[in-house]
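The sequence shown stops at residue 431 when you use my numbering, and every number in between is there.
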Amino acid sequence: MSRQVAPLRDPCKVNYDLPRIFDLSDVTPTGDESIAEIVQKSTKWRRIIEQGASLAVAFGMLDVGGSIDYEREAMRSFTQVQAKLYGLWKQHRRLPEVDWANDRMPRASSVMNNVTVEGHTRTLRDIYQNDSIDEENTVFWTHKYVDLIPLLKAVDKVHSGARNAKTHAGQYDPRALQEMLAARKANKISSTILNRHQRAGKCGSTSLTKTLQVNLVGVRARAKKAPH
204 MSRQVAPLRD PCKVNYDLPR IFDLSDVTPT GDESIAEIVQ KSTKWRRIIE
254 QGASLAVAFG MLDVGGSIDY EREAMRSFTQ VQAKLYGLWK QHRRLPEVDW
304 ANDRMPRASS VMNNVTVEGH TRTLRDIYQN DSIDEENTVF WTHKYVDLIP
354 LLKAVDKVHS GARNAKTHAG QYDPRALQEM LAARKANKIS STILNRHQRA
404 GKCGSTSLTK TLQVNLVGVR ARAKKAPH
């Protein structure tokens, strides 16, 4: 007779003040894990949730207490080029001098889509601290300084976290949004690894897949519902 698993008690109730009980590397999913490794991590996630602690804190997406370091979180997704350019910019704050009144190119001359141009314009305004920069300035700048486009993307990643939090401020506590994102990340990566494992047709691991499914119950609850 199979052992019954006790249901989780309100998995969406989170105390962001609880300290981390595992090292980041022991719990943060990367996508490179084997089925056995992701099961080990998911067992730790289950323990975190059962204690009412935060997955976002456990993954380093939040500091203990719930404060959000958007820069640190964004830097996790930087490419090597983005990291290098962003580091140099942070250190020296030097950028090409631009005559914004005259350094312009027609919007139609760019192959960038509207979303990209709008995003780069917003970022240029931020880093140059000049709200008068427009899309024609952006087209000129990105055409002349192609090698610096990764810097724009890096800065936008840093700022987008704060923007997204403000966008959802009326719907979610920013901490709850990070918690949902952490849970969705864990669930998505686990599901990808599980599907890859099942497609490989490996035998003798039914217990592993069952354990993973049980461990993900609380994770999936937090992924669907804003924690409180």
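No residue lacks a Cβ here, since even glycine has one placed at the ideal position from N, Cα and C.
Three-state secondary structure (DSSP) of residue i
i: PHE225; result: coil
i: GLY234; result: coil
i: VAL318; result: helix
i: GLY290; result: helix
i: MET264; result: coil
i: LYS216; result: coil
i: LEU298; result: coil
i: ASN340; result: helix
i: ALA372; result: Its pLDDT being 49, under 50, ALA372 is placed unreliably in this model, and the value from its coordinates should be taken loosely. Reduced to three states, the DSSP call for ALA372 is coil.
i: ALA403; result: coil
i: ASN178; result: Outside the modelled stretch of the chain, which goes from 204 to 431, sits residue 178, for which no answer is possible.
i: ASP334; result: coil
i: THR282; result: coil
i: PRO377; result: helix
i: PRO430; result: coil
i: ALA256; result: coil
i: ALA209; result: Per-residue confidence for ALA209 stands at a pLDDT of 48, beneath the threshold of 50, marking its modelled position as unreliable; the derived number appears in the next sentence. DSSP places ALA209 in coil when its eight states are reduced to three.
i: SER363; result: helix
i: SER393; result: helix
i: SER312; result: helix
Enclosing alpha helix (DSSP H) for residue i [first to last residue]
i: ARG249; result: 238–253
i: MET308; result: Here MET308 belongs to no alpha helix (DSSP H), and DSSP marks it neither H nor E.
i: TYR273; result: 273–278
i: GLY421; result: 409–427
Residues of its chain near residue i, where Cβ-Cβ distance is below 6 Å and the 5 sequence neighbours each way are ignored
i: LEU221; result: ALA256
i: ALA385; result: LEU258, ALA259, PHE262, MET264
i: ILE224; result: none
i: ILE241; result: SER393, ILE396
Own chain, CB closer than 7 Å to residue i, minus 5 neighbours either side, in chain order
i: GLN165; result: As shown, the chain starts at 204 and ends at 431. That puts residue 165 outside it, with no answer to give.
i: PRO214; result: ILE252, GLY421, ALA424, ARG425
i: PHE343; result: ASP306, ARG307, MET308
i: LEU419; result: SER245, ASN390, SER393
Contact set for residue i: own chain, Cβ-Cβ below 8 Å, skip 5 residues either direction
i: ALA372; result: Confidence at ALA372 is low in this model, with a pLDDT of 49, below 50, so the placement of that residue should be treated as unreliable; the coordinate-derived value is given next. Here the set comprises nothing.
i: ILE336; result: TRP303, THR324, LEU327, ARG328
i: LYS388; result: PRO232, PHE262
i: THR345; result: SER313, MET315, HIS323, ILE352, LEU355
- Task: Taking 8 Å as the threshold, find out whether the region 277–285 comes into contact with the region 411–430 through three or more Cβ pairs.
- Result: Using a Cβ-Cβ distance cut-off of 8 Å, the region 277–285 and the region 411–430 are not in contact, since fewer than three pairs of beta carbons, one from each stretch, lie closer than that value.
- Kindly confirm or deny that the region 242–256 and the region 284–292 touch, where touching means at least three C-beta pairs closer than 8 Å. no
- Three or more C-beta pairs closer than 8 Å, one from the region 389–400 and one from the region 228–239: is that the case here? Segments in contact, yes.
- Check whether the region 311–320 touches the region 256–276, taking contact to mean three or more Cβ pairs, one atom from each stretch, closer than 8 Å. no
- Task: Decide yes or no for the touch test of the region 350–364 against the region 300–310: beta carbon pairs closer than 8 Å, at least 3 of them.
- Result: no
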